[in-house]
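Okay, so here's the structure we're looking at.
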Amino acid sequence: MKTLVDHLGQYAEYHRDRRNIFTHFIGIPMIVLAVAVLLSRPGWDVAGLWLSPALLTAVVASLFYLRLDLRLGLLMAALLGLCLWAGATLAQQGTPLWLSSGLGLFVVGWIIQFIGHYYEGRKPAFVDDLMGLAVGPLFVVAELGFLLGLRPEVRDAVERRAGPTCIRQPKAAA
(Lines of atoms letter the chains of each structure in order from A and count residues from 1; the text may use other names and numbers.)
(Lines give C-alpha, C1' and ligand atoms only; values in the text may rest on other atoms or scores of the structure.)
Protein backbone atom coordinates (compact mmCIF):
# COMPACT_ATOMS: atom_id res chain seq x y z
CA MET A 1 0.00 0.00 0.00
CA LYS A 2 1.18 3.49 -0.80
CA THR A 3 2.06 5.79 2.08
CA LEU A 4 1.13 9.42 2.63
CA VAL A 5 4.47 10.51 1.16
CA ASP A 6 4.02 8.18 -1.82
CA HIS A 7 0.64 9.73 -2.67
CA LEU A 8 1.66 13.33 -2.00
CA GLY A 9 4.98 12.89 -3.77
CA GLN A 10 3.42 11.43 -6.89
CA TYR A 11 0.79 14.20 -6.96
CA ALA A 12 3.44 16.86 -6.29
CA GLU A 13 5.38 15.79 -9.38
CA TYR A 14 2.57 17.44 -11.38
CA HIS A 15 2.40 20.46 -9.07
CA ARG A 16 5.70 22.26 -8.53
CA ASP A 17 4.85 25.69 -9.94
CA ARG A 18 3.70 27.91 -7.07
CA ARG A 19 1.04 29.56 -9.24
CA ASN A 20 -0.41 26.13 -10.01
CA ILE A 21 -0.43 25.24 -6.32
CA PHE A 22 -2.15 28.56 -5.55
CA THR A 23 -4.88 27.89 -8.12
CA HIS A 24 -5.40 24.52 -6.46
CA PHE A 25 -6.02 26.28 -3.14
CA ILE A 26 -9.06 27.84 -4.81
CA GLY A 27 -10.14 25.32 -7.44
CA ILE A 28 -10.01 22.09 -5.46
CA PRO A 29 -12.17 23.30 -2.55
CA MET A 30 -14.68 24.58 -5.11
CA ILE A 31 -14.75 21.18 -6.83
CA VAL A 32 -15.04 19.26 -3.55
CA LEU A 33 -17.89 21.51 -2.47
CA ALA A 34 -19.54 21.11 -5.88
CA VAL A 35 -19.40 17.32 -5.59
CA ALA A 36 -20.91 17.52 -2.10
CA VAL A 37 -23.69 19.74 -3.42
CA LEU A 38 -24.46 17.63 -6.48
CA LEU A 39 -24.30 14.30 -4.60
CA SER A 40 -26.54 15.54 -1.77
CA ARG A 41 -29.53 14.65 -3.94
CA PRO A 42 -31.10 12.23 -3.63
CA GLY A 43 -30.98 12.26 0.12
CA TRP A 44 -33.07 11.05 2.99
CA ASP A 45 -33.49 12.57 6.44
CA VAL A 46 -33.04 9.69 8.88
CA ALA A 47 -33.27 10.71 12.54
CA GLY A 48 -31.87 14.14 11.73
CA LEU A 49 -28.99 12.82 9.60
CA TRP A 50 -29.01 13.56 5.88
CA LEU A 51 -28.11 10.27 4.15
CA SER A 52 -26.97 10.75 0.57
CA PRO A 53 -24.38 9.69 -2.00
CA ALA A 54 -22.37 12.69 -0.77
CA LEU A 55 -22.20 11.20 2.73
CA LEU A 56 -21.07 7.82 1.41
CA THR A 57 -18.39 9.47 -0.72
CA ALA A 58 -17.16 11.59 2.21
CA VAL A 59 -17.01 8.57 4.54
CA VAL A 60 -14.99 6.53 2.03
CA ALA A 61 -12.65 9.48 1.37
CA SER A 62 -12.23 10.12 5.10
CA LEU A 63 -11.32 6.48 5.72
CA PHE A 64 -8.71 6.71 2.94
CA TYR A 65 -7.22 9.88 4.45
CA LEU A 66 -7.27 8.45 7.98
CA ARG A 67 -5.45 5.33 6.78
CA LEU A 68 -2.70 7.53 5.34
CA ASP A 69 -2.27 9.87 8.32
CA LEU A 70 -4.34 10.31 11.47
CA ARG A 71 -3.84 14.08 11.89
CA LEU A 72 -4.41 14.98 8.25
CA GLY A 73 -7.22 12.44 8.08
CA LEU A 74 -9.05 14.03 11.00
CA LEU A 75 -8.67 17.47 9.45
CA MET A 76 -9.88 16.19 6.07
CA ALA A 77 -12.88 14.50 7.72
CA ALA A 78 -13.79 17.78 9.43
CA LEU A 79 -13.46 19.74 6.18
CA LEU A 80 -15.53 17.16 4.32
CA GLY A 81 -18.11 17.44 7.09
CA LEU A 82 -18.38 21.18 6.41
CA CYS A 83 -18.81 20.46 2.70
CA LEU A 84 -21.52 17.91 3.52
CA TRP A 85 -23.36 20.47 5.62
CA ALA A 86 -23.22 23.05 2.81
CA GLY A 87 -24.19 20.42 0.23
CA ALA A 88 -27.17 19.24 2.26
CA THR A 89 -28.27 22.84 2.82
CA LEU A 90 -28.19 23.60 -0.91
CA ALA A 91 -29.82 20.25 -1.77
CA GLN A 92 -32.85 21.29 0.26
CA GLN A 93 -33.31 24.41 -1.87
CA GLY A 94 -35.14 24.52 -5.16
CA THR A 95 -33.71 22.58 -8.07
CA PRO A 96 -32.52 25.67 -10.00
CA LEU A 97 -30.47 26.97 -7.04
CA TRP A 98 -29.13 23.51 -6.12
CA LEU A 99 -28.14 22.62 -9.68
CA SER A 100 -26.74 26.02 -10.67
CA SER A 101 -24.69 26.19 -7.46
CA GLY A 102 -23.27 22.71 -7.89
CA LEU A 103 -22.56 22.98 -11.60
CA GLY A 104 -21.26 26.54 -11.31
CA LEU A 105 -18.79 25.62 -8.57
CA PHE A 106 -17.71 22.53 -10.52
CA VAL A 107 -17.10 24.31 -13.82
CA VAL A 108 -15.39 27.37 -12.33
CA GLY A 109 -13.26 25.15 -10.07
CA TRP A 110 -12.01 23.15 -13.05
CA ILE A 111 -11.33 26.30 -15.09
CA ILE A 112 -9.16 27.56 -12.24
CA GLN A 113 -7.39 24.19 -12.12
CA PHE A 114 -6.59 24.26 -15.82
CA ILE A 115 -5.26 27.83 -15.56
CA GLY A 116 -2.83 26.53 -12.95
CA HIS A 117 -1.75 23.68 -15.19
CA TYR A 118 -1.06 26.18 -17.97
CA TYR A 119 1.58 27.70 -15.67
CA GLU A 120 2.81 24.25 -14.70
CA GLY A 121 3.20 23.29 -18.35
CA ARG A 122 1.94 19.82 -17.49
CA LYS A 123 -1.36 17.97 -17.55
CA PRO A 124 -3.27 17.30 -14.31
CA ALA A 125 -2.20 14.25 -12.28
CA PHE A 126 -5.56 12.50 -12.64
CA VAL A 127 -5.00 12.12 -16.39
CA ASP A 128 -2.34 9.50 -15.61
CA ASP A 129 -3.81 8.15 -12.36
CA LEU A 130 -7.40 8.61 -11.23
CA MET A 131 -6.23 8.49 -7.60
CA GLY A 132 -5.17 12.08 -8.20
CA LEU A 133 -8.83 13.02 -7.82
CA ALA A 134 -8.78 11.70 -4.25
CA VAL A 135 -5.27 12.91 -3.41
CA GLY A 136 -5.82 16.47 -4.69
CA PRO A 137 -7.81 17.71 -1.67
CA LEU A 138 -5.29 16.13 0.70
CA PHE A 139 -2.45 17.77 -1.25
CA VAL A 140 -4.06 21.19 -0.82
CA VAL A 141 -4.44 20.74 2.94
CA ALA A 142 -0.89 19.38 3.26
CA GLU A 143 0.56 22.26 1.21
CA LEU A 144 -1.28 24.80 3.38
CA GLY A 145 0.18 23.06 6.42
CA PHE A 146 3.65 23.18 4.89
CA LEU A 147 3.25 26.95 4.32
CA LEU A 148 2.40 27.28 8.03
CA GLY A 149 5.55 25.37 8.98
CA LEU A 150 3.71 22.17 9.91
CA ARG A 151 4.94 18.67 9.14
CA PRO A 152 8.39 19.67 7.81
CA GLU A 153 9.42 16.00 7.68
CA VAL A 154 6.57 15.24 5.27
CA ARG A 155 7.33 18.35 3.18
CA ASP A 156 11.00 17.37 2.97
CA ALA A 157 10.16 13.81 1.91
CA VAL A 158 7.74 15.08 -0.76
CA GLU A 159 10.35 17.53 -2.05
CA ARG A 160 13.00 14.80 -2.20
CA ARG A 161 10.69 12.93 -4.56
CA ALA A 162 9.18 15.79 -6.58
CA GLY A 163 11.66 18.64 -6.15
CA PRO A 164 11.11 22.06 -4.60
CA THR A 165 8.37 24.44 -5.65
CA CYS A 166 9.30 27.10 -8.19
CA ILE A 167 7.99 29.57 -10.75
CA ARG A 168 8.36 27.92 -14.14
CA GLN A 169 9.31 30.00 -17.13
CA PRO A 170 6.94 29.76 -20.10
CA LYS A 171 8.14 27.48 -22.86
CA ALA A 172 9.12 29.26 -26.05
CA ALA A 173 6.80 28.76 -29.01
CA ALA A 174 8.19 26.32 -31.54
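Just so we're aligned, residue 1024 is where the sequence shown starts under our numbering, counting upward by one.
Ideal placement from N, C-alpha and C gives every residue a C-beta, glycine not left out.
Under the three-state reduction of DSSP output, aspartate 1092 falls in the coil class, being neither helix nor strand. In this structure, DSSP gives leucine 1086 a helical state, which the three-state scheme calls helix. Within the model, the alpha-carbon separation for alanine 1100 versus glycine 1032 is close to 21 Å. Alanine 1180 sits close to valine 1028, with the two beta carbons spaced by under 9 Å. Collapsing the DSSP output to three states places aspartate 1029 in a helix.
Annotation for leucine 1089: Gly1096 place their beta carbon closer than 6 Å to its own, counting only its chain and skipping 5 residues before and after.
Boundaries for valine 1150: no alpha helix (DSSP H) harbours it, and the DSSP string shows neither H nor E there.
Nearest C-alpha to proline 1187 among His1030, Thr1118, Met1024, Ala1035: Ala1035. For leucine 1171, the secondary structure class from DSSP, reduced to helix, strand or coil, is coil. Among the bridge pairs identified by DSSP, valine 1069 is matched with Leu1072. Pairing leucine 1103 with leucine 1113 gives a Cβ-Cβ distance that is not under 9 Å. Annotation for alanine 1111: Ser1063, Trp1073 place their beta carbon closer than 6 Å to its own, counting only its chain and skipping 5 residues before and after.
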